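Visitor:
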Amino acid sequence: MKRLVARLLFVPTLLWNMLLGRLLGLRHWWDAVDDHVILGAFPFARDASRLQALGVGAVVNTCEEYAGPQAAYQEAGIEQLRIPTVDFTPPSLADVEQAVQFMDEQIATGKKVYVHCKAGRGRSATVVLCWLVANRQMTPEAAQAHLVSQRPHVNRGLAQREVVKEFAARQSQAQN
6 MKRLVARLLF
16 VPTLLWNMLL
26 GRLLGLRHWW
36 DAVDDHVILG
46 AFPFARDASR
56 LQALGVGAVV
66 NTCEEYAGPQ
76 AAYQEAGIEQ
86 LRIPTVDFTP
96 PSLADVEQAV
106 QFMDEQIATG
116 KKVYVHCKAG
126 RGRSATVVLC
136 WLVANRQMTP
146 EAAQAHLVSQ
156 RPHVNRGLAQ
166 REVVKEFAAR
176 QSQAQN
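Numbering (this note's numbering), first residue to last: 6 to 181.
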């Protein structure tokens, strides 16, 4: 049922995002979270060279509904990890852990990482919030506040998602 609802809402919500971001300029299509991570909406093929110019060498794509501009990524030398997640639902704990590990590996080689879903508000923001918990030793609430300060239209309830709580608990156990 969630998948059906997500598919029915895909075009209207994409058009809404494009109206606010690309046409009216009321929202940024992407925002830097720190020096290594950029959070945003799904990139079109024409965005690959712009991302490359920003130093992006890797992408985490959380969209089930969009495989990304793979040919443009290949041409730009951008590596993609895809963790397909139904829109309006959070990624699984295993997918979050895989994405955080991928981000760490890419950042360690000097690449910036672009993390996206359709709008850069929910699925991708969940991954980035967990990355902040793991790598900046933030609480989920502090990571949420940081995300809102950098990208004001992220979902404001991310820190309360069960997957975030589970991820934070595992991080806490690993540090003890």
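For glycine and all other residues, C-beta sits at the position ideal for the given N, C-alpha and C. Quick caveat: nothing in here was measured; it's all calculated off a predicted structure.
Inspect the beta-carbon positions of Val-132 and Ile-43 and report whether they are closer than 9 Å.
Guide: Not closer than 9 Å, so no.
Visitor: Using beta-carbon positions only, say whether Phe-172 and Val-105 come within less than 9 Å of one another.
Guide: Yes, these two residues count as a Cβ contact at 9 Å.
Visitor: State buried or exposed for Val-40, treating a residue as buried only when at least 16 other CB atoms are found within 10 Å of its CB.
Guide: The amino acid at residue 40 is misidentified as Val; the sequence shows Asp. Classification for Asp-40: exposed.
Visitor: Here's a check: name, in chain order, each residue in its chain whose Cβ is nearer than 8 Å to the Cβ of Tyr-71, leaving out the five neighbours to either side.
Guide: The answer, listed in chain order, is Phe-47, Lys-123.
Visitor: Counting along the chain, where does the beta strand (DSSP E) carrying Trp-182 start and finish?
Guide: Because residue 182 is not part of the residues shown, which for the chain are 6 to 181, the question remains open.
Visitor: What residue range is occupied by the uninterrupted alpha helix (DSSP H) comprising Pro-145?
Guide: 145-155 is the extent of the alpha helix (DSSP H) around Pro-145.
Visitor: Using beta-carbon positions only, say whether Gln-155 and Val-38 come within less than 9 Å of one another.
Guide: Yes, Cβ-Cβ distance for Gln-155 and Val-38 is below 9 Å.
Visitor: Just checking my contact of Arg-87 with Gly-73 at CB under 8 Å: how many whole Å lie between their CB atoms?
Guide: Arg-87 to Gly-73, Cβ: 7 Å. Contact.
Visitor: Looking only at C-alpha atoms, which of Met-6, His-151, Ala-50 sits nearest to Ala-76?
Guide: Closest option to Ala-76, Cα to Cα, is Ala-50.
Visitor: To the nearest angstrom, how far is the alpha carbon of Asp-92 from that of Glu-167?
Guide: When rounded, the distance between both Cα atoms is 16 Å.
Visitor: In chain order, what residues of the same chain lie with their CB nearer than 6 Å to the CB of Met-143, ignoring the 5 residues before and after it?
Guide: Answer for Met-143: Leu-137, listed in chain order.
Visitor: Assuming Asn-66 is part of the beta strand (DSSP E), what are its boundary residues?
Guide: Start and end: 61-68.
Visitor: Is the separation between the beta-carbon of Val-153 and that of Arg-161 shorter than 9 Å?
Guide: In this structure, Arg-161 lies closer than 9 Å to Val-153 by Cβ.
Visitor: With DSSP as the reference, label Gln-85 as helix, strand or coil.
Guide: If DSSP states are grouped into helix, strand and coil, Gln-85 belongs with the strands.
Visitor: By the three-class DSSP mapping on this structure, what secondary structure does Tyr-78 have?
Guide: In the structure shown, Tyr-78 sits in a helix (DSSP, three-state: H, G or I).
Visitor: With which residues is Leu-44 paired in a DSSP beta bridge?
Guide: DSSP lists Asp-36, Val-120 as partners of Leu-44.
Visitor: Excluding the five sequence neighbours on either side, which residues of its own chain have a C-beta within less than 6 Å of the C-beta of Ala-148, listed in chain order?
Guide: Leu-134, Leu-137, Val-138, listed in sequence order.
Visitor: Taking the alpha-carbon positions, what's the Ala-3 to Asp-109 distance?
Guide: No statement about residue 3 is possible, as the shown extent of the chain runs from 6 to 181 and does not include it.
Visitor: Exposed or buried, which one is Leu-59 when buried takes at least 16 other CB atoms within 10 Å?
Guide: Burial call: exposed.
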